[in-house]
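A.B. asks: First the structure, then my questions, so here it is.
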């Protein structure tokens, strides 16, 4: 049955990925389409390998899979954010919040969290954009974050 085949192919791809054979892992997952096995396990592993080609830290893998299987649960994204903060991978945090915000553009907490990641990357204008958007949607803490960020931006010449 295709669920078993998807699981077997995903497991094989994971083993290849763990051995740093990323191209082979992606080719194996791509071959699943030709076999008719295209379930969420296949899609999630393809996304993981593309977004984290060299990151095999088990908590990140597990949390990424949760965000992939349940993309509407902000709790999974918050946990992934907290885990990636420990390794200072703010670039990946932004990518994951991008995925969530694409489906939830009015989620003020997500905008605040992505803005914080932008702040750590010294992308202050992007941070200000997210903080301001969350503030405009009524999240008062984001208004304070926007003010702090605005005060750090260079003053434009007159």
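Numbering (this note's numbering), first residue to last: 384 to 541.
Cβ coordinates follow ideal geometry from the N, Cα and C atoms, glycine included.
1) Once DSSP output is grouped into helix, strand and coil, what is the label at residue 459?
2) Would you mind sorting residue 424 into buried or exposed? The rule is 16 or more other CB atoms within 10 Å of its CB.
3) May I have a chain-ordered list of the alpha helix (DSSP H) segments no shorter than 4 residues that lie completely inside the segment 399-486?
4) Grouping DSSP H, G and I as helix and E and B as strand, with all else coil, what is residue 521?
5) Since residue 492 is in the alpha helix (DSSP H), which residue starts that stretch and which ends it?
6) Where residue 464 and residue 445 are concerned, what is the direct C-alpha to C-alpha distance, given to the nearest angstrom?
7) Here's the rule: buried if 16 or more other CB atoms are within 10 angstroms of the residue's CB, otherwise exposed. What is residue 521?
C.D. replies: In short:
1) Numbered from its first residue, the chain shown carries residue 459 at position 76. In the structure shown, residue 459 sits in a helix (DSSP, three-state: H, G or I).
2) The residue labelled residue 424 in the question sits at position 41 within the chain shown. Buried, since its Cβ has 16 or more Cβ neighbours within 10 Å.
3) 405-418, 423-434, 441-452, 457-469 and 473-486
4) The residue you call residue 521 lines up with position 138 of the chain shown. Reduced to three states, the DSSP call for residue 521 is coil.
5) By 1-based counting over the chain shown, the position of residue 492 is 109. Element bounds for residue 492: 491-503.
6) Residue numbering aside, residue 464 sits at position 81 when the chain shown is read from its first letter. Residue numbering aside, residue 445 sits at position 62 when the chain shown is read from its first letter. Going from the Cα of residue 464 to the Cα of residue 445 covers about 13 Å.
7) Start at 1 with the first residue of the chain shown, and residue 521 comes out as number 138. The residue is exposed, with fewer than 16 neighbouring Cβ atoms inside 10 Å.
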